[in-house]
Structure formats: structure tokens, C-alpha cells
Amino acid sequence: MIAIVSNRDVEARWCMGEPHTANLVLVSPDSEVAQQFVADPDRKTDQVIAAVVGEADSVAFECEKLAWPIRLANLLELLKRVEMRIPSGNSTSAAEIPSAPAGNKLVELAKLLRDVESGDNLAWRINGLSDRPVYVAPHEKSFIFEDSLLHLVQFDPHAELELVPITVGQVPQADQRKPIRMLQWLVGLRSGRIGLLPWIKADSTFRLKQFPEFQMLHHSADHRRIAAALSRPRSGIQAISAATQLDSSMVLAFVNAASLCGYLKISDAAAAASKPKKPSAGPRHALFQVFRRALGIASNDA
Amino acid sequence: MMPEAPPEAPQEHKILFTGTMGAGKTTAIAAVSGIKMVKTEAANTDRALFNKATTTVGFDYGEVSLDGGHVLRLYGTPGQQRFSFLWKIVAKGAIGVIILVDNSRPDPFEDLAVYLDSFRQFVDIGGVVIAVGRTESHQRPSIDDYYQYLAERDLMLPVFAVDVRKSEDVLMVLDVLFNMLEVSDAESV
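Heads up: the protein sequence lines correspond to chains A and B, in order.
Per numbering that gives the first Met the number 0, the very first residue in the first sequence carries number 0; after that it's consecutive.
Per numbering that gives the first Met the number 0, the very first residue in the second sequence carries number 0; after that it's consecutive.
Written out as C-alpha cells, the structure reads:
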């Protein structure tokens, strides 16, 4: 559900829905109505506000930004970020990085996917991720889902899942075999909504062993940003959050996903990490944003 | 009344696409260039090396217009190693390099080594992304093998299996390069 409040040029076309129940509200930053709406104490706490801004516009309140004129790629990118933030979009302090409860079914699925090895004679049928079951075939490092993957992307992390062991012969001989890393990635990202996977410590040192295979994974520009930051060792979720200037809920979802896929090296050796630096966008950040805009690459700031 | 600031002179920024003959440099630049590409192609006299009719002997050129009259220039180096003297000339002033590797070649790692060594100054600042093509038809070495190879050289650079005919793949690679350069900038502040 999207509601747009008082966008100066396109009010009639874009104003739709009921903003108080919306997950994402696009606002014009200089609109009085919008400012009143943003300041409303009764507003939903997990609601994402995005200001539609031109290059010269400044925004008086803390929010997401969407460049005007709106490019489809930027809008889709924003929607992806909203999808990943709701309902856990609140900032967390170092002591508040939530750990997913060990008994949770999604954590059990994550553990299963963490431990899959090729040559295993067992396969799995997962019920509850979508209307159709997902078959995990470790012996082929693949999974089978006989529907659009878009239905899997948004599965409910609190859904009641059923993990049923089956024999390799019971796996359907379908054409829709996908690399198991796609499922590991999705489950990792979604598990970020309930917290850091229980076997990962928030204060560990993290570094990528390899970059996520973005060309095949459902991901956002923020994930590319986190990946680049993790090309160097970072001590703790908060350090990654500071380096990327991204919400820690986004970071821990990435860490869960990258960890399940085997992209991440996690160690307790904090001393090996570089000294934490003051968060800085870098002198050429604005230049790269100009490149991105010209190329039509979605980004997280306008 | 404050005197009006003089308009900022248009600036040029350069990104390099390099790699062996047939790796897809021309195609990659064409996928994102805002203008019709300038090509310097000639008949390929190395048909034994790579079977295509023409190859780049000078450099390929594409560009993307930026706000304020600035320009992002995309250069493709000639693939044949006998033109390697041109690589340094074309690389002068570049902000980053995309190394395209053709996985169907006899020894892709040997190819990669040539470019890692030739563009060492960009490797050292994290200004390199490696894009591997033809991985669907030639699955070995795998992308995991590339990371293993880089780790043996004590390097951590992004490696992606890409299809340079798809603009989204090329744009993804470029965005990762921008992010890597931003990380490098932030660390050096």
C-alpha cells in the first residue's frame, strides 16, 4: 500500500490510499501537510517516509529520499528497501541487536540450509513458505519451486513451517531447479526480520570471502553497498552499519544471508579488523551518485 | 550583492574496460553508453587465437552525459597483447577498471594475471571489478575458483559471472565498482 501526500506536481495522480495505514508514504518535503503528517505522534512507528526531492531540495526531517523525476528503477529500489525494513525498521543500539530464537522454525530451516552438503542422501520438502512446497535437493545443490520465485521473496518469516525429510527419489523431476544459494540467500534475508541467526555473534569480525552472486540474487543497492564495505574486515554489526550508514536491521539481514551462502568469514578475532573510523561518505560520494543517476542505477539517496 | 560564482568547468571521468580479445569489452560499453559507440576495429588477423571477423585495434569509446555538462567516458582497451603499450595510455586518469575474463579461453587465470599486473595501481586501491563471461557454456573454473586464485595472491576483489549483453549485469558491475571506490575513499579520509 502506497500513499503519496501532497506531491506538488502530481497530487491528483499520485495521492491515493490512506496514508495512516500505509507502509510507505511518499511526501513532498516542502509541503506543510506532509510535515504535519510526518510529525504526527500517532503515526505508525514502522511506517517508512520517503521525500520526493529534486537535486536542489533539502529535507528538514529524517527520511528516505526518492529522486524527482521519479525513475522506475529508483522506485523499485525504494520498495525493496521498504519490504525488507517492515516491520523491523527501527534503529537498534549495539546491545539491542536481536538474536533469532533457536526454536523458531525459520531458524531451523536456516540451520538446515547452512548444513546442506552435496552428496547427502537426504532431501527435504518445506511446507509453509508459499502455497506450494519447496524441495531442497542437497545432492544437486539445488532447490525446486514450481511457481514464480516472486512468491517466495515475500514469505512470512513468522509462518508455521514444516520441514519434512524425504528421499532423493521423492524430489520432483522438474525443470525449475535453481541454485541452492538463491534459497539460502532468501531465507537469510527474511530471517533478518526475527534477528541475527543464533550461531552468529553480533560483535564478531566479518569479512566477505566472496561477493554475493548479485547477478542471480534478489537484492537491493544497499546489499551492494554492504558487500563493498565487507571487502574489508569489520568488527561488529554496528561497525558495518556505521561504515555503510545503513540501518542495522538491513545489515543483520545481509549478514544472515551471506553467512548461509558461505560468502562470509566470521571470526572472534576483533583485533584483526581495521580500526573503526568515523562514518564518512567519502569525498567522491556525490560524484558516484551523479554517475548512478545518469546510468539509471537505483541508489538509496537522491 | 555577492558576485556570481563562475560556472564549474565540465569535467571528464574515465572508466576502463579491459580483457582479452573476445571477452566482450565492446559489447559491455555498448550496453550502457549513451551515445553510439566509437569503434576502432580491423580485420582480426589472430583467428587462431579467437575466431571473430574483426577486433579492436585502438580502443572502443562510449560515454554517458552527466549533469552540468560533465561526461563519464567509457574506454575499452584493445584485447591483443601486442597493443598493450596502449593500455597505460588509455588508463591515464581513469578512476577504475573492469577486467573482463573469457571463461572459454584455455587458461583464464593466466589471462587474468596479465591484467591484474598491468593495472596494479587500480588493484591496490580496490578500483577493480572482475567480470567473467561465458560461464554457462564453460563452467570451469568456477567463480569460487576465481576467489581461491585471488586469495592465493592475497587479493579480495569482486568477481561476477556476467552476460555483458545484458545492461543490468554491466550496471551491477559498475555500481559495485563505485561502491568499492567509495569504501576506499572513506578508509583513506
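All C-beta atoms in this analysis are idealised placements derived from N, C-alpha and C, irrespective of residue type, glycine included.
Please state whether DSSP places residue i in a helix, a strand or coil.
| i | result |
| --- | --- |
| K208 of chain A | coil |
| E302 of chain A | Nothing about residue 302 of chain A can be reported from this structure: the residues present for chain A run from 0 to 301 only. |
| K79 of chain A | helix |
| T166 of chain A | strand |
| G315 of chain A | The displayed coordinates of chain A run from 0 to 301. Any statement about residue 315 of chain A would go beyond what the structure contains. |
| F16 of chain B | strand |
| R233 of chain A | strand |
| L148 of chain A | coil |
| L154 of chain B | coil |
| V175 of chain B | helix |
| S32 of chain B | coil |
| V115 of chain A | coil |
| A66 of chain A | strand |
| L180 of chain B | helix |
| A271 of chain A | Note on A271 of chain A: pLDDT 48, under 50, position unreliable in the model; no value is reported. |
| K110 of chain A | helix |
| H309 of chain A | Since the displayed chain A opens at 0 and closes at 301, residue 309 of chain A lies outside it and no answer follows. |
| V113 of chain B | helix |
Considering only DSSP beta bridges, list what residue i is partnered with.
| i | result |
| --- | --- |
| K329 of chain A | Because chain A spans 0 through 301 in this model, residue 329 of chain A falls outside it and cannot be assessed. |
| R176 of chain A | A:I143 |
| E62 of chain B | B:R72 |
| E11 of chain B | B:V70 |
| G132 of chain B | B:D101 |
| E161 of chain A | A:N126 |
| V135 of chain A | A:W123 and A:F142 |
| V127 of chain B | B:V96 |
| F223 of chain B | Limits of chain B in this structure are 0 at one end and 188 at the other, which puts residue 223 of chain B out of reach. |
| L195 of chain A | A:S98 |
| V52 of chain A | A:A66 |
Whose C-beta lies closer than 6 Å to the C-beta of residue i among residues of the same chain, with five residues either side of it excluded?
| i | result |
| --- | --- |
| S136 of chain B | none |
| G189 of chain B | Residue 189 of chain B lies beyond the range of chain B shown here (0 to 188); nothing can be said about it. |
| I236 of chain A | I96, A201, S247, V250 and L251 |
| A158 of chain A | G127 |
| P275 of chain A | Reliability fails at P275 of chain A, whose pLDDT of 48 lies under 50, so the model's placement of it is uncertain and no value is given. |
| V115 of chain A | P137 |
| W86 of chain B | T76 and S117 |
| G53 of chain A | W67 |
Skipping 5 residues on each side, what residues in its chain have a beta carbon closer than 8 Å to that of residue i?
| i | result |
| --- | --- |
| V37 of chain A | V26, I48, F60 and C62 |
| F159 of chain B | V128, I129, A130, V131, I142, D168, M171, V172 and V175 |
| K177 of chain A | S141, F142, I143, F144 and L148 |
| P140 of chain B | N102, P107, F108 and Y148 |
| L111 of chain B | I98, V100, I129, Y145 and Y148 |
| S32 of chain B | G61, E62, V63 and L73 |
| V182 of chain B | G125 |
Kindly list, in the order they appear in chain D, the residues whose Cβ is closer than 7 Å to that of residue i.
| i | result |
| --- | --- |
| Q214 of chain A | Chain labels in this structure do not include chain D; the protein chains are A and B. |
Can you name, in chain order, every residue of its own chain whose Cβ lies under 7 Å from the Cβ of residue i, other than the five neighbours on each side?
| i | result |
| --- | --- |
| G266 of chain A | According to the sequence displayed, residue 266 of chain A carries Ser and not Gly. Correct list, in chain order: S203 and T204. |
| Q46 of chain A | A21, N22 and V24 |
| I165 of chain A | A122, W123 and R124 |
Nearest to residue i by alpha carbon, out of the options?
| i | options | result |
| --- | --- | --- |
| H69 of chain B | B:Y145, B:E11 and B:L15 | B:E11 |
| A101 of chain A | A:Q237, A:L196, A:A256 and A:A285 | A:L196 |
| S129 of chain A | A:L149, A:R113, A:S141 and A:A238 | A:L149 |
| L162 of chain A | A:F210, A:Y134, A:V152 and A:G187 | A:Y134 |
| M181 of chain A | A:M249, A:A136, A:N126 and A:K208 | A:A136 |
| L259 of chain A | A:D174, A:K208 and A:A173 | A:K208 |
| G168 of chain A | A:H138, A:G191 and A:A66 | A:H138 |
| A285 of chain A | B:R119, B:N178 and B:K24 | B:N178 |
| Q153 of chain A | A:S30, A:L71, A:L78 and A:R283 | A:L78 |
| V170 of chain A | A:I179, A:A122 and A:L160 | A:A122 |
| A256 of chain A | A:A293, A:E212, A:N120 and A:Q288 | A:E212 |
| V96 of chain B | B:L15, B:E181, B:L180 and B:E186 | B:L15 |
| E31 of chain A | A:E54, A:V58 and A:S190 | A:V58 |
| D59 of chain B | B:A30, B:D184 and B:I124 | B:A30 |
| R119 of chain B | B:I94, B:Q138, B:R133 and B:R104 | B:I94 |
| S166 of chain B | B:F84, B:M20, B:A27 and B:G67 | B:A27 |
| Q79 of chain B | B:D123, B:G18, B:L115 and B:D66 | B:G18 |
| V163 of chain B | B:G67, B:D123, B:R133 and B:E151 | B:R133 |
| D184 of chain B | B:E151, B:L154, B:D123 and B:F82 | B:D123 |
So if I threshold CB-CB distances at 8 Å, which residues from the segment 230 to 258 of chain A count as touching chain B?
S230, R231 and A242
Under 9 Å (Cβ pairs) to chain B, residues found in the segment 197 to 209 of chain A
R206, L207, K208 and Q209
Pull out every residue of the segment 133 to 148 of chain B whose Cβ sits closer than 8 Å to any Cβ of chain A, in chain order.
I142, D143 and Y146
Can you pull out the residues from the segment 10 to 34 of chain B whose beta carbon lies closer than 8 Å to at least one beta carbon of chain A?
H12, V31 and G33
Quick one, which residues of the segment 63 to 80 of chain B are near chain A if we go by CB-CB under 9 Å, in chain order?
V63, S64, L65, D66, G67, H69 and L71
Give the residues from the segment 78 to 100 of chain B that approach chain A closer than 9 Å (Cβ to any Cβ), ordered along the chain.
I94
Can you give me, in chain order, the residues of the segment 145 to 156 of chain A that have a beta carbon less than 8 Å from any beta carbon in chain B?
none
Determine which residues of the segment 111 to 126 of chain B have a Cβ less than 9 Å from any Cβ of chain A, and write them out in chain order.
G125
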